[in-house]
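Residue numbers (the numbering used here): 1481 to 1779. Notes follow once the structure below has been shown.
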Amino acid sequence: MRKDIFTWTYIVLAVVSLVAGSFMTAMALMETSDAFEVGVVGAVVYFIVFFAIMRFLPIWRKGSLIWVIVSLYWGAFMGISTVMITELAFSDILKEAGWRQLDASATGAIPEELSKALGVFVILFMARRVWDRPWHGQLAGFSIGMGFEVMENFVYGGLGALYNATSDVQGATEMWMSRTVLGLGLHPMCAGLAGVGIASALMLTNKSTVCRFMVGIGGVLGAIAFHGWWNFQWPSSIQLVAVIVDWLALLAVTILILVKNWSKAKRDKKRPVPSHKEAWDLIPVRDTAYPSVPTTAAQ
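Have a look at this one:
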């Protein structure tokens, strides 16, 4: 791994967030060890399903495992830590601006999606030897979002245990199940949308700078919009319908992006992994038109 500003940025944030993550774990154990144990089981199940799905998709390229783990760590610790620091301040800004009706929606959506998008940006540069196509940004986003979702479920699982007067295990389990039924994959899909936008902005070198900038910003704004829609306090009569429509629309966009890139990603998996020197030159300046995937005739 070449030590550049992106790698060092990740290392510094990883160490700082590890302290915050250890503090969160200690707090969870102090509240109830049963909820922590339920969380470990839930996390294992989530990760098994996640890796099974990701390995099936053509966006998974040889050498991706280490970077998926790096991305999961960002979401679980660095993303959560960033949100813990900024969320209350962002809420105060909205209230001072007189936008109290957007507090619940924007306070969750904007800091969380920006922290995940920053992770995608940093990790794409770190992993440029393996991840050098727009769909790899989606894989990075999926991974960061999954790490974030699992850690968030840990936190809510602890609250569920405390609120249940009968059993800590029952309370934590019910919270994990309710968050699985309502909103499964919300964070991975939102981060995946932002990720494919950021990766496209970095790698679509046959497009104009303005076009690439718009695609990158559009992906992040789209993620914020879907997440904000989910968090918005709709009238009780339409709340359930609104979040279901939001989730289905986000799922449709995610599938559309996967289908659009499916054949190109499948062919591209056969392309040799570039050397470290070549990888350094791939992002953000590359002279060859995208996508440079092998054709049947060339094989």
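Every residue, glycine too, gets a C-beta built ideally from N, C-alpha and C. Given the structure is predicted, the values throughout are model-derived calculations rather than measurements.
When secondary structure is reduced to three states using DSSP, residue 1685 falls in the coil class, being assigned neither helix nor strand. In the displayed model, residue 1585 falls within a helix according to three-state DSSP.
Assigned with DSSP and collapsed to three states, residue 1500 falls in helix. Apart from sequence neighbours up to five positions away, the residues of its chain that approach residue 1668 with a beta-carbon distance below 6 angstroms are 1622, 1625 and 1626, ordered along the chain. Residue 1746 is positioned such that its CB atom lies closer than 8 angstroms to that of residue 1538.
If you draw a 10 Å sphere on the C-beta of residue 1542, you find fewer than 16 other C-beta atoms in it, and that means exposed. Taking residue 1697 as reference, the option from 1676, 1714, 1707 and 1724 with the minimal CA-CA separation is 1676.
Pairing residue 1551 with residue 1633, the inter-Cα distance amounts to about 18 angstroms.
With contacts defined by Cβ atoms closer than 8 angstroms, residue 1637 and residue 1652 form a contacting pair. Excluding residues up to 5 positions away in sequence, 1571 and 1574 lie with their Cβ nearer than 6 angstroms to the Cβ of residue 1583 in the same chain. A Cβ-Cβ distance of about 41 angstroms is found for the pair residue 1515 and residue 1612, leaving them out of contact under the 8 angstroms criterion. The beta carbon of residue 1730 lies closer than 6 angstroms to those of 1669 and 1706 in the same chain, with the five residues before and after it left out. Pairwise C-beta distances place the segment 1700–1717 in contact with the segment 1671–1686, as three or more of them are shorter than 8 angstroms. Residue 1589 is a Cβ neighbour of residue 1708, given a cutoff of 8 angstroms.
Closest in alpha carbon position to residue 1630, among 1517, 1492, 1737 and 1526, is 1526. Residue 1741: member of the alpha helix (DSSP H) spanning 1719–1748, first to last residue. Residue environment analysis places residue 1581 among the exposed positions, since fewer than 16 neighbouring C-beta atoms fall within 10 angstroms of its C-beta. Taking a contact as a CB-CB distance under 8 angstroms, the pair residue 1498 and residue 1557 counts as one, their CB atoms being some 6 angstroms apart. The three-state reading of DSSP puts residue 1645 in coil, since its state is none of H, G, I, E or B.
For the set 1635, 1553, 1540 and 1562, the Cα lying nearest the Cα of residue 1512 is the one of 1635. DSSP, reduced to helix, strand and coil, places residue 1650 within a helical segment of the structure shown. Counting the other CB atoms within 10 Å of its CB gives residue 1576 a total below 16, which places it among the exposed residues. When secondary structure is reduced to three states using DSSP, residue 1713 falls in the coil class, being assigned neither helix nor strand. Within the segment 1508–1566, no beta strand (DSSP E) run of at least 3 residues lies entirely inside it. The C-beta distance from residue 1639 to residue 1655 rounds to 7 angstroms, short enough to meet the 8 angstroms contact threshold. By the CB criterion at 8 angstroms, residue 1544 and residue 1610 fall inside the cutoff.
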